[in-house]
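I have placed the structure first, in the form of structure tokens, so that the comments after it can refer back to it.
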Amino acid sequence: MSGTTEPELTAVILAAGLGSRMGALHGPKGLLEVGGRVLLEHQMRVLAACGVARIVVVTGHQADRVEAAAAGLGLRTDIPVACARNPGFADTGTAMSALIGLRAAAPGDALLLEGDTLLTAPSIIDAIGDRTEIRTLTDRRARWEQGSKILTDGDGRVSDWLHSRHQGPGFSPEDATKTVNLTYLPAVGRSRLERVLAAAVCDLKAPLEFAFRDLALAGARIWAIEMAGRAWCEIDDPDDLARARAMPAFRDPPASTGWVAFQTSEPGAPPAL
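For what it's worth, this note's numbering labels the leading residue of the sequence shown as 441, then goes sequentially.
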């Protein structure tokens with residue numbers, strides 16, 4: 441044996457948003473309950489199961505509540521957790537939150553995950569792959585749904601990354617695949633993305649997808665990794681939340697994990713620990 445080990449992997453969870461499409465449930469989506477656990481807990485648990493050594497949570501809206509939940513979850517699971525605030529969350533896009541989170545993370549490889557997305561461990565492990573190139577999860581079955589789309593060449597390499605603003609009247613999702621909001625970044629790819637993000641945030645409202653598009657169009661090797669029918673859910677509105685709560689993959693977390701659900705009561709109140 442060589443005695444060498446792979447560098448530790450950091451996950452950055454983007455959880456600064458307003459949750460404005462959630463109607464009466466308006467607030468941090470990371471504190472919404474699914475299957476007896478808040479979304480943030482689901483995410484931290486599955487990331488730890490995939491070998492993530494530390495987590496950075498980017499906060500903004502109701503930051504105190506989200507940070508209290510993240511700190512409590514870190515203590516319960518022995519996962520080092522740090523929080524990085526986006527002070528301009530109400531006036532900036534996800535590109536700014538991603539840049540803040542990556543700059544707060546330890547050097548090395550990173551996973552970038554949006555805070556409203558639930559995934560299972562096999563999909564995340566597929567995204568990590570052999571830890572040599574940028575890999576992003578996609579789902580061709582969901583290509584007709586709203587949201588960002590990806591175009592690939594015949595080998596699965598990303599040729600374009602299309603935010604909804606880039607999907608004009610002539611665009612058809614038929615040949616596209618939908619993004620699933622988790623991307624693996626080896627250290628070199630992460631450094632390249634950070635440089636692109638630093639330029640992208642000159643437009644304060646720029647979404648993260650703009651930076652990924654710039655990378656793809658500049659010739660970066662980014663691979664689309666299909667979900668292969670595995671369960672996932674992006675929670676944008678109350679209908680999505682109901683769908684996530686009905687999915688067996690997220691309904692009944694294993695009791696053997698020792699995780700305890702947070703009860704998030706009144707908006708503005710910290711979770712009960």
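Beta carbons: idealized from backbone N, C-alpha and C, even for Gly.
CA nearest to the CA of residue i, picked from the options
| i | options | result |
| --- | --- | --- |
| threonine 617 | Gly587, Val452, Arg583, Ala545 | Arg583 |
| alanine 489 | Asp654, Ile564, Asp579 | Ile564 |
| isoleucine 662 | Leu513, Val486, Ala550, Thr592 | Thr592 |
| aspartate 556 | Val486, Arg691, Asp676, Glu666 | Asp676 |
| phenylalanine 529 | Ala522, Asp549, Gly500, Gly541 | Gly500 |
| alanine 522 | Met484, Met687, Pro688 | Met484 |
| aspartate 579 | Ala640, Arg477, Glu614 | Glu614 |
| leucine 625 | Pro688, Thr572, Ala639, Ala658 | Thr572 |
| histidine 606 | Gly476, Leu577, Ala646 | Ala646 |
| asparagine 526 | Asp680, Pro688, Ile453 | Ile453 |
| glutamate 649 | Met687, Thr619, Asp504, Thr517 | Thr619 |
| glycine 569 | Ile519, Met687, Asp518, Thr623 | Thr623 |
| leucine 552 | Gly669, Gln586, Asn621 | Asn621 |
Strand pairing of residue i, partner residues [DSSP]
| i | result |
| --- | --- |
| alanine 451 | Ile495, Leu551 |
| threonine 576 | Thr623, Ala664 |
| valine 478 | Glu473 |
| leucine 559 | Trp672 |
| threonine 592 | Val598 |
Three-state secondary structure (DSSP) of residue i
| i | result |
| --- | --- |
| aspartate 531 | helix |
| serine 460 | helix |
| leucine 622 | strand |
| alanine 522 | strand |
| lysine 469 | helix |
| valine 641 | coil |
| glycine 512 | helix |
| aspartate 615 | helix |
| aspartate 600 | strand |
| isoleucine 540 | helix |
| isoleucine 565 | helix |
| glutamine 483 | helix |
| glycine 500 | strand |
| glutamate 446 | coil |
| glutamate 507 | helix |
| proline 694 | Unreliable placement is indicated for proline 694, whose pLDDT of 45 sits below 50; the coordinate value is still reported in the next sentence. Proline 694: coil per DSSP, three-state reduction. |
| glycine 629 | helix |
| arginine 571 | coil |
| arginine 583 | coil |
| alanine 545 | coil |
| aspartate 677 | coil |
| proline 609 | coil |
| alanine 646 | coil |
Contact belief for residue i with residue j at Cβ below 8 Å, rounded distance in angstroms
| i | j | result |
| --- | --- | --- |
| valine 383 | alanine 684 | Residue 383 lies beyond the stretch modelled for the chain, which goes from 441 to 713, so this question has no answer here. |
| aspartate 600 | arginine 653 | 7 Å |
| threonine 532 | leucine 458 | Actually they do not touch by this definition, with Cβ atoms about 12 Å apart. |
| serine 588 | serine 612 | No, serine 588 and serine 612 are not in contact; Cβ-Cβ is about 15 Å, not under 8 Å. |
| alanine 640 | alanine 651 | 5 Å |
| leucine 559 | valine 486 | 6 Å |
| alanine 567 | isoleucine 665 | 5 Å |
| glycine 548 | proline 447 | 4 Å |
| aspartate 680 | cysteine 673 | 6 Å |
| alanine 546 | arginine 494 | 6 Å |
| histidine 466 | phenylalanine 690 | About 22 Å separates the two Cβ atoms, so there is no contact after all. |
Residues of its chain near residue i, where Cβ-Cβ distance is below 7 Å and the 5 sequence neighbours each way are ignored
| i | result |
| --- | --- |
| alanine 524 | Val496, Val498, Ile540, Gly541, Ala544 |
| proline 694 | In this predicted model, proline 694 has a pLDDT of only 45, less than 50, meaning its place in the structure is not dependable; the value taken from the coordinates is given anyway. Closer than 7 Å at Cβ, skipping near neighbours: no residue. |
| leucine 637 | Ala535, Ala538, Leu539, Ala651 |
| glycine 514 | Pro520, Val521 |
Beta-carbon proximity list for residue i, same chain, < 6 Å, skipping 5 on both sides
| i | result |
| --- | --- |
| glycine 629 | Ile574 |
| valine 492 | Leu449, Ala451 |
Contact set for residue i: own chain, Cβ-Cβ below 8 Å, skip 5 residues either direction
| i | result |
| --- | --- |
| lysine 469 | Ala455, Gly457, Gly459, Met462, Leu479, Gly555, Asp556, Ile675 |
| valine 506 | Ala455, Pro468, Gly470, Leu471, Leu480, Val497, Thr499, Cys523 |
| glutamate 634 | Leu539, Leu542, Arg543 |
| arginine 597 | Arg661, Ile662, Trp663, Ala664 |
| glycine 708 | Residue placement at glycine 708 cannot be trusted, given a pLDDT of 37 that sits under 50; the coordinates are not used to answer. |
| isoleucine 590 | Thr576, Thr578, Val598, Asp600, Trp601, Leu602, Ala616, Thr617, Lys618, Thr619, Ala664 |
Residue-level contact to chain C via CB, residue i, 9 Å cutoff
| i | result |
| --- | --- |
| lysine 469 | Chain labels in this structure do not include chain C; a single protein chain is all it has. |
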